[in-house]
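Contents: one structure, followed by commentary.
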Amino acid sequence: MENVKALCFDVFGTVTDWYSSVIREGEKISARTGMAVNWGEFVKKWRDDGYIAALIRIASGEMEITPTATIHKDKLLLLLDEYGIHGLSDEEIDDFNLA
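Counting from 72, one number per residue, gives the positions in the sequence shown under my numbering.
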């Protein structure tokens, strides 16, 4: 392996544990606001119906290549409304999106 210059691999969800960190952030929101939310369900919808669905649309040419943070935030805003989670500041939403 002396000629190897780089090793490339997917780290999103492979090396990092996105689900647990986002669930923890959601639980912090519940603790602050008193809102009861099934964060496991919320995060699964966020990932599957947001990110994964967007990747499929991008791969098919139906959607332009879009930064992951934008894909996540767009779906997050929809889910916050769907789950009746209101009153979060823009900063709280941005922090949650980057969890």
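Here a beta-carbon is modelled for each residue, glycine too, at the ideal position from N, C-alpha and C. Since the structure is predicted, the reported quantities are computational estimates derived from the model, not experimental observations.
Check your understanding: Which residue from Gly132, Ile127, Glu133 and Trp110 puts its Cα closest to that of leucine 150?
Key -> Position 79 of the sequence shown, counting from 1, holds the residue named residue 150. Closest option to leucine 150, Cα to Cα, is Trp110.
Check your understanding: How long is the line joining the alpha carbons of isoleucine 142 and alanine 125, rounded to whole angstroms?
Key -> The residue you call residue 142 lines up with position 71 of the sequence shown. The residue you call residue 125 lines up with position 54 of the sequence shown. Near 7 Å, if we compare the C-alpha coordinates of alanine 125 and isoleucine 142.
Practice item. Look up valine 86 in the DSSP assignment and say whether it is helix, strand or coil. Key: Reading the sequence shown from its first residue, position 15 is the one you call residue 86. In the structure shown, valine 86 sits in coil (DSSP, three-state: anything other than H, G, I, E or B).
Check your understanding: How is the alpha helix (DSSP H) around phenylalanine 167 delimited, first residue to last?
Key -> Walking along the sequence shown from the start, residue 167 turns up at place 96. Looking at the DSSP string, the run of the alpha helix (DSSP H) that includes phenylalanine 167 is 161-168.
Exercise for review: Could you check how far apart the C-beta atoms of isoleucine 129 and threonine 137 are, in whole angstroms? I think they sit under 8 Å.
Suggested key: Your numbering for residue 129 matches position 58 in the sequence shown. Your numbering for residue 137 matches position 66 in the sequence shown. Rounded, the Cβ-Cβ distance is 7 Å, consistent with contact.
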